[in-house]
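>
So, in structure tokens, the structure goes:
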């Protein structure tokens with residue numbers, strides 16, 4: 043069994059199945075999406091020179107040049123992240139080159155981005171999928187899948203959101219949109235945007251692509267392992283048949299309040315705490331669990347220096 047990063051999972055079969063259920067994600071948060079976003083963060087940008095398509099002072103002609111260039115790119119390409127085969131068409135009611143050129147065509151970078159589509163399809167990272175809620179407008183489309191990648195045109199960085207239409211007869215490249223911000227910088231401000239709300243004032247560099255901002259938001263537990271999967275932790279206790287931890291102790295500080303619960307990823311250490319230090323014959327049990335902690339206090343060297351006395 044594999045983790046989202048392609049490495050062997052640390053979970054057993056039962057745990058692997060459990061963490062992927064809807065009920066678990068409703069409690070823990072969509073950790074798989076968080077892992078995909080992290081994969082996007084670490085991905086390398088697609089690069090083009092910005093001179094692939096012949097420019098023109100006449101915007102109408104420039105747009106035509108982009109269309110003709112794009113027609114030569116028609117065909118099927120495989121996304122390396124998902125293995126999905128995606129068809130690029132000249133364009134019709136189901137998207138394609140013409141759909142892309144229906145908007146933002148006054149921006150030369152958008153026109154030049156047509157040349158990057160094959161690379162975008164191959165290199166973009168899948169983030170999210172939504173059902174088609176307007177079957178009348180998007181006939182034959184079951185859902186839309188959203189991919190993102192960094193794009194470097196010349197010396198300028200952009201973030202691209204690509205949309206793929208999922209249909210019964212195959213998946214088609216529907217549209218894409220550029221945001222004038224490097225992907226790392228975009229991801230760094232997502233928490234602030236998430237806290238303030240998308241409707242609030244946004245930095246000009248982010249643009250107006252609210253869908254991009256929406257799909258890059260997640261609120262899952264931070265207690266994950268090195269693979270990005272929910273981490274199994276252990277709690278040693280002298281109490282037998284423990285089924286629930288008291289919520290009254292959440293947020294308490296053990297050293298001050300004499301309350302709190304301790305969990306560790308090392309089962310043997312937790313096991314040591316399941317034995318009485320005064321009576322070696324008294325044995326409790328080790329609780330194996332997951333933790334849904336979405337806003338943890340990170341105690342690191344920086345935190346310690348601020349509070350050292």
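Numbering (the numbering used here), first residue to last: 43 to 351.
Beta carbons are placed, not taken as given, at the ideal position from N, Cα and C, and that holds for glycine.
1. Determine contact between the region 75-90 and the region 256-267, defined as no fewer than three beta-carbon pairs at a distance below 8 Å.
2. Let me confirm a value: residue 206 is counted as buried when at least 16 other C-beta atoms fall within 10 Å, else exposed. Which label applies?
3. For residue 45, collect the residues of the same chain with a Cβ closer than 6 Å to its Cβ; drop the 5 residues on either side in sequence, then sort them by chain order.
4. Can you tell me where the beta strand (DSSP E) holding residue 127 begins and where it ends?
5. Just to confirm before moving on: does the CB-CB distance between residue 169 and residue 202 stay below 8 Å?
6. Keeping to the same chain, check which residues put their C-beta closer than 6 Å to that of residue 94; ignore five residues upstream and five downstream.
7. In chain order, what residues of the same chain lie with their CB nearer than 7 Å to the CB of residue 91, ignoring the 5 residues before and after it?
8. Looking at the unbroken alpha helix (DSSP H) that takes in residue 220, where does it start and where does it end?
9. I'd like to know whether the C-beta atoms of residue 285 and residue 331 end up nearer to each other than 8 Å.
10. Go ahead and label residue 346 buried or exposed: buried means 16 or more other beta carbons lie within 10 angstroms of its beta carbon, across all protein chains shown.
11. Apply the 10 Å Cβ neighbour rule to residue 73 and answer buried if 16 or more other Cβ atoms are within range, or exposed otherwise.
12. Helix or strand or just coil, what does DSSP make of residue 49?
13. By Cβ distance below 7 Å, which residues in the same chain neighbour residue 174 in space, the five residues on each side in sequence not counted?
14. Taking Cβ positions, are residue 130 and residue 143 nearer each other than 8 Å?
15. Please return the same chain residues whose Cβ sits closer than 8 Å to the Cβ of residue 128, not counting the five positions on each side in sequence.
16. Could you tell me whether the Cβ atoms of residue 275 and residue 333 are closer together than 8 Å?
17. DSSP three-state call for residue 256: helix, strand or coil?
18. Pull up the CB-CB distance for residue 264 and residue 336, whole angstroms please, since I reckon it's below 8 Å.
19. Check residue 120 in the structure and name its three-state DSSP category.
20. What number of angstroms, rounded off, separates the C-alpha of residue 305 from the C-alpha of residue 138?
21. Going by Cα to Cα distance, which pick from 289, 165, 61 and 218 is closest to residue 141?
22. Could you pull out every residue in the same chain whose Cβ sits closer than 8 Å to the Cβ of residue 437, ignoring the five residues on either side in sequence?
23. Name the residue from 227, 221, 262 and 161 whose alpha carbon lies nearest to the alpha carbon of residue 252.
24. Considering only DSSP beta bridges, list what residue 187 is partnered with.
25. Name, in chain order, the residues that DSSP records as bridge partners for residue 325.
26. For the candidate residues 160, 53, 98 and 289, whose alpha-carbon lies nearest to that of residue 150?
27. If you drop the 5 nearest sequence neighbours on each side, which residues of the same chain put their C-beta closer than 8 Å to that of residue 314?
28. Which whole-angstrom value describes the C-beta separation of residue 166 and residue 204, a residue pair presumed to lie in contact below a C-beta threshold of 8 Å?
Taking the structure as given:
1. yes
2. Burial is judged here by how many other beta carbons sit within 10 angstroms of a residue's own beta carbon; residue 206 has at least 16 and is buried.
3. 51, 269 and 271
4. Where residue 127 is concerned, the enclosing beta strand (DSSP E) stretches over 127-130.
5. In this structure, residue 202 does not lie closer than 8 Å to residue 169 by Cβ.
6. 157
7. 196
8. First-last for residue 220: 212-221, but that is the beta strand (DSSP E), not the alpha helix (DSSP H).
9. no
10. exposed
11. With 16 or more Cβ atoms within 10 Å of its Cβ, residue 73 is classed as buried.
12. coil
13. The residues are 180, 183, 184, 185 and 186.
14. no
15. 118, 119, 120, 121, 163, 206, 213, 214 and 215
16. For the 8 Å CB-CB criterion, residue 275 and residue 333 form a contact.
17. helix
18. 7 Å
19. Assignment of residue 120 by DSSP, reduced to helix, strand and coil, places it in the strand class.
20. 51 Å
21. 218
22. The structure shown has nothing for residue 437, since the chain only spans 43 to 351.
23. Of 227, 221, 262 and 161, the residue nearest in Cα terms is 221.
24. Per DSSP, 171 and 206.
25. 317
26. 98
27. 278
28. 5 Å
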